[in-house]
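Written below as structure tokens is the structure these notes are about.
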Amino acid sequence: MLLSKPGVSQTSTELNGALGLIQKVGNFHTVSPNIAEQAGLWLLNMNSLQPYTIRVVGQSEVDFLFDFVEPSDGFHTSYAQLNSRPVANNKVTLLVSMVGGDSVKPTEVSLVEASSSNSFNGIIEEVTSGKYLVTFNSIPAGKFTVRVAGQISSTRSSDNNFQRQSPTQFQTSSVNITTEPVGTIEPGKQVTLPFTVTTKSSGGSFSISVSNDRNFDTRFNTAITLESGGSANATVTLTVPENTASGTDVTVTIEAEAPDGSDFNYAVLRIAIVAPVKDVIPPVCEAVTLNANCSGNCSLSSWYLTANVTDGSGIQSVRALKGTGILSITSELNTTGVNVTMVVYDSSCCFQDLELVAVDTVGNVATCFKSAASRILTYSAEFCLFLPVCLWLNIGVSIYRFMPL
Numbered sequence: 001m002l003l004s005k006p007g008v009s010q011t012s013t014e015l016n017g018a019l020g021l022i023q024k025v026g027n028f029h030t031v032s033p034n035i036a037e038q039a040g041l042w043l044l045n046m047n048s049l050q051p052y053t054i055r056v057v058g059q060s061e062v063d064f065l066f067d068f069v070e071p072s073d074g075f076h077t078s079y080a081q082l083n084s085r086p087v088a089n090n091k092v093t094l095l096v097s098m099v100g101g102d103s104v105k106p107t108e109v110s111l112v113e114a115s116s117s118n119s120f121n122g123i124i125e126e127v128t129s130g131k132y133l134v135t136f137n138s139i140p141a142g143k144f145t146v147r148v149a150g151q152i153s154s155t156r157s158s159d160n161n162f163q164r165q166s167p168t169q170f171q172t173s174s175v176n177i178t179t180e181p182v183g184t185i186e187p188g189k190q191v192t193l194p195f196t197v198t199t200k201s202s203g204g205s206f207s208i209s210v211s212n213d214r215n216f217d218t219r220f221n222t223a224i225t226l227e228s229g230g231s232a233n234a235t236v237t238l239t240v241p242e243n244t245a246s247g248t249d250v251t252v253t254i255e256a257e258a259p260d261g262s263d264f265n266y267a268v269l270r271i272a273i274v275a276p277v278k279d280v281i282p283p284v285c286e287a288v289t290l291n292a293n294c295s296g297n298c299s300l301s302s303w304y305l306t307a308n309v310t311d312g313s314g315i316q317s318v319r320a321l322k323g324t325g326i327l328s329i330t331s332e333l334n335t336t337g338v339n340v341t342m343v344v345y346d347s348s349c350c351f352q353d354l355e356l357v358a359v360d361t362v363g364n365v366a367t368c369f370k371s372a373a374s375r376i377l378t379y380s381a382e383f384c385l386f387l388p389v390c391l392w393l394n395i396g397v398s399i400y401r402f403m404p405l
């Protein structure tokens with residue numbers, strides 16, 4: 001039987017009643033409300049001798065997103081996403097993000113047991129607008145869902161209360177895998193990844209499996225023996241092929257399964273692959289010829305420049321940062337075997353300034369300035385290092401060179 005907030009009811013025998021349309025396909029019943037005012041508390045009474053499940057689908061701007069997080073090492077307090085199943089009988093922290101505007105405030109965040117509907121309430125701490133850290137001193141031992149209850153706006157009216165529950169069930173594990181932080185790996189190198197497996201349940205021989213998303217070669221023991229409530233250490237040896245591109249990464253997943261197969265857990269490592277930077281010298285710009293005849297009407301005359309750009313690692317790109325002329329680029333080996341990038345720039349005399357930016361294959365940058373009104377080529381440079389977090393670090397070092405034609 002359905003009962004709406006105003007007190008209107010409808011039984012399952014009324015297929016088209018006062019509250020909605022009921023459709024039956026086998027033992028699957030769908031109720032579609034047909035009343036205009038659907039907000040408020042609805043009561044659903046079930047009388048069945050067989051197990052059943054209920055799923056409610058609604059539409060609202062109010063919702064929540066969440067991640068299991070754990071404290072992250074560093075100079076400042078921060079949290080990183082938990083890349084494993086939560087451990088049973090342990091503290092757990094959620095980072096909850098509310099959806100629906102600043103007026104949506106959670107007043108209760110709970111972990112609800114799937115088997116009994118018992119709930120574990122967390123301690124809510126607002127970290128920024130719309131984001132909350134929720135700490136639970138204990139969590140359900142089996143499957144559970146996340147439920148958020150709260151209020152919209154600052155009023156205490158029951159009409160402005162809301163409740164949302166995650167559609168996905170989660171399950172704790174008595175097995176835990178901890179890993180150590182890993183920096184970066186060089187192409188062609190081998191690295192050892194230590195980890196520890198802990199159980200809060202019975203011991204025995206735990207199965208170990210390791211995979212990675214790049215099919216790199218891994219070596220590890222496929223089993224590890226633990227005593228009841230104990231722990232043991234193990235390692236994974238990962239080999240990175242020499243032809244692996246610098247700046248990519250590899251995701252390694254380590255999984256441990258209980259002896260009877262009833263429980264498991266995993267840990268995920270994301271490791272950046274970075275080749276060592278041995279070349280910190282920026283490209284060299286050298287003007288070869290400058291032909292400028294810019295007297296009289298500028299729109300009827302032009303100037304052009306030819307220049308060579310060289311670098312020990314090779315030139316990746318040359319572009320005009322300032323200038324409206326035509327830029328042509330060709331590359332060839334000179335008599336000494338050095339790869340030379342030849343630049344030809346042709347422009348109207350109405351635009352007499354040129355700024356070229358040359359980047360070599362390891363990220364070193366050179367900026368070359370030239371003006372048709374000057375016989376001097378000014379050259380400056382700065383170099384960039386590619387970091388594991390895929391950011392460019394500009395190191396402010398400027399070198400000025402003057403190269404007469």
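Note that UniProt numbering has the sequence shown beginning at 1, numbered continuously upward. In this text, a Cβ means the ideal position worked out from N, Cα and C, and glycines have one as well.
So, is M46 buried or exposed, given that buried needs 16 or more other C-beta atoms within 10 angstroms?
exposed
Suppose contacts are defined by Cβ-Cβ distances below 8 Å. Is G20 in contact with S32 by that definition?
yes
What are the complete beta strand (DSSP E) segments, minimum 3 residues, inside the segment 256-315?
Counting only runs of 3 or more, we get 264-273, 284-292 and 302-310.
The ligand SAH and E14: does any heavy atom of the ligand fall closer than 7 Å to the residue's C-beta?
The ligand SAH is not part of this structure, which contains no ligands at all.
Can you check which of these residues, P71, N83, N118 and T128, is closest to residue 439 by C-alpha distance?
The requested residue 439 does not occur in the structure, where the chain is confined to residues 1 to 405.
For L94, the nearest candidate out of I139, Y52, N118 and E113 (CA to CA):
I139
Min CB distance P140 to chain C below 8 Å
Protein chain content of the structure displayed is limited to a single chain, and chain C is not contained in it.
Look up V62 in the DSSP assignment and give the residues it is bridged to.
Answer is none; V62 lacks a bridge partner.
Starting from the C-beta of P283, find all residues in its chain whose C-beta is less than 7 Å away, skip the five residues before and the five after it, and write them out in chain order.
V309, T310, D311, I315, A358, D360, N364 and A366
Counting pairs of Cβ atoms below 8 Å between the segment 203-215 and the segment 246-259, do you hit three or more?
yes
Chain-order list of residues whose beta-carbon lies under 7 Å from that of P276 (same chain, five-residue window excluded):
E186
At what residues does the beta strand (DSSP E) containing L94 begin and finish?
From DSSP, the beta strand (DSSP E) with L94 extends over V92 to V99.
So, using beta-carbon positions, are F220 and V236 closer together than 8 Å?
With a cutoff of 8 Å on beta-carbon distance, F220 and V236 are scored as near each other.
Going by the beta-carbon positions, is the gap between D263 and S331 smaller than 8 Å?
Result no, Cβ atoms of D263 and S331 do not sit closer than 8 Å.
Do you know how far the Cα of L356 is from the Cα of A287?
Looking at the two C-alpha atoms, the distance is approximately 12 Å.
Alpha carbons only, please: which of C298, K200, N160 and L333 is nearest the one belonging to V87?
K200
Within 10 angstroms of its Cβ, does P106 collect 16 or more other Cβ (buried), or is it exposed?
That one is buried.
For N364, does the three-state DSSP call read helix, strand or coil?
N364 carries a coil assignment under DSSP once its states are collapsed to helix, strand and coil.
Skipping 5 residues on each side, what residues in its chain have a beta carbon closer than 6 Å to that of V191?
I185 and L238
Any idea what DSSP makes of N160, helix, strand or coil?
helix
What does the alpha-carbon distance come out to for the pair S153 and G100?
In this model, S153 and G100 are separated by some 11 Å (Cα to Cα).
From what residue to what residue does the beta strand (DSSP E) around S78 run?
Boundaries of the beta strand (DSSP E) harbouring S78: S78 to Q81, taken from the DSSP string.
Considering just the uninterrupted stretch of the beta strand (DSSP E) at M342, what are its terminal residues?
N339 to S348
Once DSSP output is grouped into helix, strand and coil, what is the label at L354?
strand
Which runs of the beta strand (DSSP E) spanning at least 3 residues fall entirely within the segment 130-194, listed in chain order?
131-136, 143-152, 161-165 and 175-179
Roughly how many whole angstroms lie between the Cα atoms of residue 418 and P51?
Residue 418 cannot be examined here, being either before or after the span of the chain that is shown, 1 to 405.
Under a three-way DSSP split, which group does G204 fall into?
strand
Name the residue from L305, S117, E108 and V340 whose alpha carbon lies nearest to the alpha carbon of I123.
E108
Beta-carbon gap between V343 and L327 smaller than 8 Å
Yes.
Between the alpha carbons of K278 and G183, how many angstroms are there, rounded?
19 Å
With a CB to CB cut of under 8 Å and the five nearest residues on each side skipped, what residues in its chain are close to E180?
L193, P194 and F195
Need the endpoints of the beta strand (DSSP E) that Q50 sits in, please.
Neither: Q50 is in no beta strand (DSSP E) and is coded neither H nor E.
Please classify L327: does DSSP put it in a helix, a strand, or coil?
In the structure shown, L327 sits in a strand (DSSP, three-state: E or B).
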